[in-house]
DNA sequence: AGCCTATATCGAAAGCTGTCAATATATGAG
DNA sequence: CTCATATATTGACAGCTTTCGATATAGGCT
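Protein chains in written order, with the numbering used here: chain A, 8 to 119; chain B, 8 to 119.
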């Protein structure tokens, strides 16, 4: 529908948040509230293919492999990433809709 | 250039984040990563005048006065709120540009 | 089968965060 | 000045998070 245009850009702010909605939204922002996870999203999104396996992400982040896996799990469970096996490797990919939905939540008067 | 129009709506994701930029951005999301703070933003933004004093926010949140003051301070220091004295009362107001800047960071290829 | 590599999970330590009661500060009224 | 009210600060505690090393799981190769 044509709602996407009107809900995206105007600098409004979320309204009428129920406690449950607030908790849900906060959980999403909490996932983005870590610099390592933001760098993971950034790194994965900037791959030419749009996908990256874990071993490609460890060195640029400067964290241990278990820690990187942990962050990827958090991002995956929040819906910011998809994962797909290819042999031994696991390829992660950003889900732009999830990112955008946060944007919409921030700028929409929460109608409908 | 005409970057503002092209960088706002498409569902892209942040790219080329330096560690320092990631930490800065994450700090902003961390502020939004708490349900009480989201409810505060929501409550203040939905006031007819656009402003609210602390005593109006305590009861709807169901938290103690010091806790509400604490969250308001966090939001204020991150640039999400302005505050203004009126007699004994302190009136807080949402800064829409701060909210929107996060949106832009999420959907922009980080050019310029 | 056995080995190697890639990823995930476990358990623990250190640090951060949300919350409150108690207290401090500040403004206005009398 | 004194009192009452509104807001901010302090100190402490409980719970959560980030991180790691150690270990487990899974897939491919010989």
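C-beta: ideal position from N, C-alpha, C; glycine also.
| Item | Value |
| --- | --- |
| Short Cβ contact (7 Å threshold) for residue 45 of chain A with residue 64 of chain A | no |
| Segment limits, alpha helix (DSSP H) that includes residue 74 of chain B | 72-84 |
| Separation of residue 93 of chain A from residue 28 of chain B, as counted between CA atoms | 32 Å |
| Assigned secondary structure, residue 101 of chain A (DSSP; H/G/I helix, E/B strand, else coil) | strand |
| Chain A contact residues for residue 179 of chain B, given Cβ-Cβ distances below 8 Å | In the structure as shown, chain B begins at 8 and stops at 119. Residue 179 of chain B is therefore absent and cannot be evaluated. |
| Cα-Cα separation, residue 98 of chain A to residue 107 of chain A | 22 Å |
| Rounded C-alpha distance that separates residue 77 of chain B from residue 55 of chain A | 44 Å |
| Residues of its chain near residue 34 of chain B, where Cβ-Cβ distance is below 8 Å and the 5 sequence neighbours each way are ignored | 85 |
| Buried versus exposed, by CB contacts within 10 Å (16 or more), residue 40 of chain A | buried |
| CB contact check: residue 102 of chain A to chain B, cutoff 7 Å | no |
| Three-state secondary structure (DSSP) of residue 47 of chain A | helix |
| Partner residues on chain A for residue 64 of chain B, Cβ-Cβ distance less than 9 Å | None at all; the shortest Cβ gap to chain A is about 13 Å. |
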